[in-house]
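In my numbering, the protein residues as written are 1 to 193.
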Amino acid sequence: MGAGAFLLAAALALTAFNLWDGRRAGEAAQAVLAEMPERTPRPSPEPGEALEIPDYVLNPDMEMPTVEIDGYEYIGVLSIPSLGLELPVMSGWSYPALRVAPCRYLGSAYSGGFVIMAHNYARHFGAIGTLAPGEGVSFTDTDGNVFEYSVAETQILQPAAVDEMSSGGWDLKLFTCTPGGRTRVTVRCEAAP
């Protein structure tokens with residue numbers, strides 16, 4: 001009976017820690033957003049005005065510009081309106097970085113194959129599995145270029161299915177672990193027309 005009580009107490013302590021860590025991560029991401037420079041989308045040209053072609057169109061393989069905040073480099077902001085999420089995205093990923101904000105895993109918004117990963121914290125990617133086809137997702141880089149996407153499909157993958165998660169020619173992919181880490185939720189998106 002003592003062992004059962006100990007295991008129950010340990011489970012409750014782990015649950016409490018996970019809830020606290022998720023809240024802390026959400027607050028950390030919001031603090032980064034508050035420090036990011038204003039992300040003003042590029043205005044459309046007036047009639048008769050020459051269209052300015054962004055550098056990334058002329059050179060899609062260029063590195064995405066970054067801004068450094070608290071020792072981490074960020075490439076922009078991911079917005080998922082249906083989930084009420086607006087999150088900074090780090091340039092590269094590491095386990096410590098994932099405890100702060102979503103991270104770029106592969107690719108770029110410029111050249112495609114853009115993959116963003118995050119923990120399944122409630123204030124990060126915890127609810128992406130509920131996204132339905134047709135829902136909108138956007139990414140704004142640090143230069144103010146806006147990339148609009150539409151959810152095409154959501155799939156549950158095995159943890160070792162890295163090739164399935166990162167391949168397929170999708171413009172944007174979002175992924176996270178399910179609670180307990182037994183599988184991964186992957187959301188595949190197409191660039192909006």
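The beta carbon of each residue, even a glycine, is placed where N, CA and C say it ideally should be. Bear in mind the structure is a predicted one, so any value in this text is a computation, not a measurement.
Cβ-Cβ distance between residue i and residue j below 8 Å
i    : j    : result
V89  : L98  : no
D163 : I75  : no
R184 : C177 : yes
G181 : P159 : yes
T154 : G136 : no
S150 : E190 : yes
Y121 : A192 : no
Contact set for residue i: own chain, Cβ-Cβ below 6 Å, skip 5 residues either direction
i    : result
Y105 : W93, V115 and M117
D170 : Per the sequence presented here, residue 170 reads as Trp, with Asp not at that position. Result list for W170: R188, in chain order.
A28  : V100
I80  : V137
Contact set for residue i: own chain, Cβ-Cβ below 7 Å, skip 5 residues either direction
i    : result
Y72  : M90, A97 and V100
Y56  : M62, Y110 and N145
P60  : Y110 and S111
L174 : I116, F125, I128 and V187
Extent of the continuous beta strand (DSSP E) to which residue i belongs
i    : result
V115 : G112 to M117
L174 : L172 to C177
A191 : R184 to A191
Y105 : C103 to S108
Y149 : V146 to L157
Beta-ladder partner(s) of residue i, from DSSP
i    : result
V67  : Y74
F139 : L78 and F147
M36  : DSSP output for M36 lists no bridge partner at all.
E86  : S79
For residue i, the first and last residue of its enclosing alpha helix (DSSP H)
i   : result
V57 : D55 to L58
A97 : Y95 to L98
Neighbourhood of residue i by C-beta, 8 Å cutoff - its chain only, sequence neighbours within 5 removed
i   : result
P37 : V67 and T142
Contact belief for residue i with residue j at Cβ below 8 Å, rounded distance in angstroms
i   : j   : result
P65 : L87 : About 18 Å; that fails the 8 Å criterion.
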